[in-house]
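Student: Converting from the sequence shown to the numbering used here requires adding 14 to each position, the first position being numbered 1.
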Amino acid sequence: MGIEPASLAFYALGAIALALLLLKLKTRLELTLAKHRSLTGHVRMARRIAALIPFYEYDEARFFACDDAPDEIAARRHAGFMRLTALYRERFAQTIRRTAEVAPGISDLQFTGAYRVPFQFSRFVRAHLAAGAFVQSSDGVTLTDLDGNRLYDLTGSYGVNVLGYDFYKDCMERGQEKVRALGPVLGAYHPVIADNVARLKQISGLDEVSFHMSGTEAVMQAVRLARYHTRRSRLVRFCGAYHGWWGDVAPGVGNPLRARETYTLQEMSDATLRVLRRRRDIACVLVNPLQALHPNAAAPADSGLVDSARTAHFDRAAYTDWLRRLRAVCTERKIVLIFDEVFVGFRIAAGGAQEYFGVAADLVTYGKTLGGGLPIGVLCGRSDLMKRFRDDRPVDVCFARGTFNSHPYVLAAMHEFLQRLATPELQALYRDLDAVWDRRAQRLNQRLREERLPVEVANLSSIWTVSYTQPSRYNWMLQYYLRAEGLALSWVGTGRLIFSLNYTEADFEVVADRFVAAAKAMHEDGWWWSDAKTTNKSIKQRILREIIAHRWSPARGQEKAS
Ligand SMILES: Cc1ncc(COP(=O)(O)O)c(C=O)c1O
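#1: Would you check if there are 3 or more beta carbon pairs closer than 8 Å linking the region 271-290 to the region 324-340?
#2: Asp167 and Ala502 - do their beta-carbons sit closer together than 8 Å?
#3: Roughly how many whole angstroms lie between the Cα atoms of Val506 and Ala313?
#4: Identify, in the order they occur along the chain, each residue of the same chain with its Cβ nearer than 6 Å to the Cβ of Thr109, setting aside the five sequence neighbours on each side.
#5: May I have all residues whose beta carbon comes closer than 5 Å to any heavy atom of ligand 1, sorted in chain order?
#6: Can you give me the C-alpha to C-alpha distance between Arg556 and Thr113, rounded to a whole angstrom?
#7: Hey, is the region 240-252 in contact with the region 415-429, meaning 3+ C-beta pairs nearer than 8 Å?
#8: Which residue comes first and which comes last in the beta strand (DSSP E) that contains Ile30?
#9: Give the DSSP-derived three-state secondary structure of Cys394 in the structure shown.
#10: Pull up the distance between the alpha-carbon of Leu157 and that of Gly500, whole angstroms please.
#11: What separation, rounded to the nearest whole angstrom, lies between the Cα atoms of Asp221 and Ser397?
#12: So what does DSSP say about Trp451, is it helix, strand or coil?
#13: Along the alpha helix (DSSP H) that carries Trp336, what are the first and last residues, could you check?
#14: Comparing C-alpha positions only, which one of Gly385, Ile217, Gly229 and Ala449 sits nearest to Ala367?
#15: What would DSSP say about Val480, mapped onto helix, strand or coil?
#16: Using only CA atoms, which one of Tyr494, His537 and Phe403 lies nearest to Glu465?
#17: Suppose the cutoff is 7 Å on Cβ atoms and the five residues either side in sequence are ignored; what does the same chain contact list for Leu27 look like?
#18: Which ranges would you report for the alpha helix (DSSP H) in the region 283-337 if only whole runs of at least 4 residues count?
#19: Pull up the distance between the alpha-carbon of Ser576 and that of Arg559, whole angstroms please.
#20: Enumerate, from N- to C-terminal direction, the unbroken alpha helix (DSSP H) stretches of 4 or more residues contained entirely within the region 202-284.
#21: Under 8 Å Cβ to Cβ from Gly385, same chain only, skipping five residues before and after it: list those, please.
#22: Which first and last residues belong to the alpha helix (DSSP H) in which Thr126 is found?
#23: Distance, Cα to Cα, His226 vs Ala107?
#24: Would you call Gly571 buried or exposed, if buried means 16 or more other Cβ atoms sit within 10 Å of its Cβ?
#25: Could you spell out where the beta strand (DSSP E) holding Thr156 opens and where it closes?
#26: Would the beta-carbon of Leu239 fall within 8 Å of that of Cys394?
#27: Would you call the region 472-480 and the region 129-136 in contact, with 3 or more CB pairs under 8 Å?
#28: Would you identify the three-state DSSP class for Tyr70, choosing helix, strand or coil?
#29: How about Val233 and Gly258: do their beta carbons lie closer than 8 Å?
#30: For Thr379 versus Val392, is the C-beta spacing smaller than 8 Å?
#31: With a threshold of 8 Å on Cβ separation, who are the neighbours of Ser544 within its own chain once the five nearest residues in sequence on each side are excluded?
#32: Can you give me the Cβ contacts of Met282 inside the same chain, cut-off strictly under 8 Å, excluding the 5 residues immediately before and after it?
#33: What's the gap between the Cα of Asp316 and the Cα of Trp490?
#34: On a Cα-Cα basis, can you pick out the residue from Ala526, Asn419, Lys554 and Asn516 that is closest to Gly201?
#35: Exposed or buried, which one is Trp542 when buried takes at least 16 other CB atoms within 10 Å?
Put into structure tokens, the structure is as follows:
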């Protein structure tokens, strides 16, 4: 007896449905495999877990011995801490007083103040080792606070300060002279814009430029244009990479909304390339080349320094190879490749990451230093991608504005910056840049090793990060010892040290001496005491136990878990 045609059709439909389902599952599985194993790579789960973590803190006794250090060590730590407290109160008196006065009215200050160190220690540290938020002047590579203390600047002003503060003061002053007659007229341009555009086209190797007010907005516009031209919605960002604080590029913890159109994938991974090859919904891939220093890890802030697992290592050849392969897949799949050079542009090479790694992007964002000291975001791109309207669909436009987008003062300071950048003296500065900064990092590491201190630095040119070579819960204390030695750090602490390129060998030697002195003092005060059985894993397990204990027994108040 033969099979009925109706049954045949039924089976065929069933087989097609099954095949489609399997295909969907396979695509889904590929996406899952392209995520980084860490929580940073799983942004939704990270948000859920973050919402579960309760506040708790250590009482004074636990503060100094949360790793079960013997009494003698806890006493040494206590004495060292109180010595620092007295020193801060005396040396930074005015600066701390003014900071305390304004903090209740400045939300940013309250946030950064609270997140300098892991939250279990934060309140006690704030009460005793308040960090001042004021400086009154800058000069060479130093900052002077309200108490007249001169501190070597390792903050780099969020990366803006590439060429030294005096350079930017000049750019701003000379720029202002150029455009004073026009003043704050917006909408119409000052003629300096023409030269800026010509120079930016030449530097980026791209056809068009748009001006924005911050790096965040330049990135927003890059992604919006990529979506408009590809008619696809998804953007790919890499695990841990920062691209400003706009929601779609900052999914996960910190963003109250779920970013529905973002894939966070593993960087330097074949599984990611497979996803890019396979899927049809990806408009663009965002690359922040700073991640080359710590691929797939988030910005290394000391608030997350709960153990010594933080590591960094820059491998130029491996990252170049990755970018080349990424470039090839994006070209093949017509995915827009965006280099976000807001941080590294003009810092690692005069022509930025494109020049440094020898890979061309379709769109490039710049910001920070390019404003010559004033706020800026710039997008450079191929003309087919930069176009904001369609010739054949006059109403289908891609909208972008911004009241202050081409402010004459900003464009004039940028003009000064770009003109100076082209001079032989500044071009020469970039020639041996990596050799200079690699040598300095190696020298400091050598000294730290000789002193048997459990600290090391890693660098991507003049961008440095500090790692710790032996398991400890107190590494974040180093930032307070460094400040006591007259080194200014940003609120992320030892996670990111940013040098300006006008640091001379002599300046650097002073910083290195102070760095070693700070680490020695911290060592002598017992913070790096450790018993043989402590590992980074055991520290994490212990913190997990504390969290569980406080989560399900809120009445416990002060920390008791062990
Ligand atoms: C790579 C990158 N993209 C974008 C941004 C955002 O720039 P802005 O702070 O000017 O909005 C930053 C800021 O740090 C950045 O480092």
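Think of the CB as a built atom: it goes at the ideal place given N, C-alpha and C, for glycine as much as any other residue.
Tutor: So, from the data block:
#1: yes
#2: As a working mapping, residue 502 is identified with position 488 in the sequence shown. As a working mapping, residue 167 is identified with position 153 in the sequence shown. Yes.
#3: Locating residue 506 in the sequence shown gives position 492, counting from the first residue. Locating residue 313 in the sequence shown gives position 299, counting from the first residue. Approximately 9 Å between the Cα atoms of the pair.
#4: By one-based count along the sequence shown, residue 109 stands at place 95. Around Thr109: Gly146, Phe148, Asp159, Leu160 and Asp161.
#5: Having a Cβ closer than 5 Å to some heavy atom of ligand 1 are Ser228, Gly229, Thr230, His257, Gly258, Asn302, Asp354, Val356, Phe357 and Gly381.
#6: As a working note, residue 556 is residue 542 in the sequence shown. As a working note, residue 113 is residue 99 in the sequence shown. Cα-Cα distance, rounded: 35 Å.
#7: no
#8: Position 16 of the sequence shown, counting from 1, holds the residue named residue 30. Counting along the chain, Ile30 sits inside no beta strand (DSSP E); it lies in the alpha helix (DSSP H) bounded by residues Pro19 to Leu47.
#9: The residue you call residue 394 lines up with position 380 of the sequence shown. Here Cys394 sits in strand by DSSP.
#10: Taking the sequence shown and counting its residues from 1, the one referred to as residue 157 is at position 143. Taking the sequence shown and counting its residues from 1, the one referred to as residue 500 is at position 486. Cα to Cα, the separation comes out at about 10 Å.
#11: Taking the sequence shown and counting its residues from 1, the one referred to as residue 221 is at position 207. Taking the sequence shown and counting its residues from 1, the one referred to as residue 397 is at position 383. Going from the Cα of Asp221 to the Cα of Ser397 covers about 5 Å.
#12: Start at 1 with the first residue of the sequence shown, and residue 451 comes out as number 437. Here Trp451 sits in helix by DSSP.
#13: In the sequence shown, the residue the question calls residue 336 occupies position 322. Taken as a continuous stretch (DSSP letters only), the alpha helix (DSSP H) holding Trp336 covers Arg330 to Arg347.
#14: Position 353 of the sequence shown, counting from 1, holds the residue named residue 367. The shortest Cα separation from Ala367 among Gly385, Ile217, Gly229 and Ala449 belongs to Ile217.
#15: The residue you call residue 480 lines up with position 466 of the sequence shown. The answer is strand: DSSP assigns Val480 an E or B state.
#16: As a first step, residue 465 is located in the sequence shown; it is residue number 451 there, counting from the start. For the set Tyr494, His537 and Phe403, the Cα lying nearest the Cα of Glu465 is the one of His537.
#17: As a position in the sequence shown, residue 27 is number 13, starting the count at 1. No residues qualify anywhere along the chain.
#18: 284-292
#19: Stepping through the sequence shown from its first residue, residue 576 is reached at position 562. Stepping through the sequence shown from its first residue, residue 559 is reached at position 545. Low per-residue confidence applies at Ser576: pLDDT is 46, beneath 50, and the placement is therefore not dependable enough to give any value.
#20: Within the region 202-284, the complete alpha helix (DSSP H) runs of at least 4 residues are 206-218 and 229-244.
#21: Position 371 of the sequence shown, counted from the start, is the residue given in the question as residue 385. Excluding positions up to five away in sequence, the list reads Val174, Val424, Ala427, Met428 and Phe431.
#22: Residue mapping note: residue 126 aligns to position 112 of the sequence shown, counting from 1. Note, Thr126: alpha helix (DSSP H), Ser121 to Ala128.
#23: On the sequence shown, residue 226 is found 212 positions in, with the first residue counted as 1. On the sequence shown, residue 107 is found 93 positions in, with the first residue counted as 1. His226 and Ala107: Cα-Cα distance of roughly 39 Å.
#24: On the sequence shown, position 557 is the one that residue 571 refers to. Because the pLDDT at Gly571 is just 49, under 50, the model does not fix this residue reliably, and the point stays unresolved.
#25: For this step, residue 156 is matched to residue 142 along the sequence shown. Segment Thr156 to Thr158, the beta strand (DSSP E) holding Thr156.
#26: On the sequence shown, position 225 is the one that residue 239 refers to. On the sequence shown, position 380 is the one that residue 394 refers to. No. Outside cutoff.
#27: no
#28: Working through the sequence shown from its first residue, we reach residue 70 at position 56. Tyr70: coil per DSSP, three-state reduction.
#29: Counted from its first residue, the sequence shown places residue 233 at position 219. Counted from its first residue, the sequence shown places residue 258 at position 244. Yes, these two residues count as a Cβ contact at 8 Å.
#30: Indexing the sequence shown from 1 puts residue 379 at position 365. Indexing the sequence shown from 1 puts residue 392 at position 378. In this structure, Val392 lies closer than 8 Å to Thr379 by Cβ.
#31: Within the sequence shown, numbered from 1, the residue matching residue 544 stands at position 530. Asp81, Gln484, Pro485 and Ser486, listed in sequence order.
#32: The count along the sequence shown starts at 1 and reaches residue 282 at position 268. Closer than 8 Å at Cβ, skipping near neighbours: Pro309, Asn310, Ala332, Tyr333 and Trp336.
#33: Counting from one through the sequence shown, the residue named residue 316 turns up at place 302. Counting from one through the sequence shown, the residue named residue 490 turns up at place 476. Going from the Cα of Asp316 to the Cα of Trp490 covers about 6 Å.
#34: Numbered from 1 along the sequence shown, position 187 holds the residue referred to as residue 201. Residue Asn419 is the option with its Cα nearest to Gly201.
#35: If you number the sequence shown from 1, residue 542 lands on position 528. Buried, since its Cβ has 16 or more Cβ neighbours within 10 Å.
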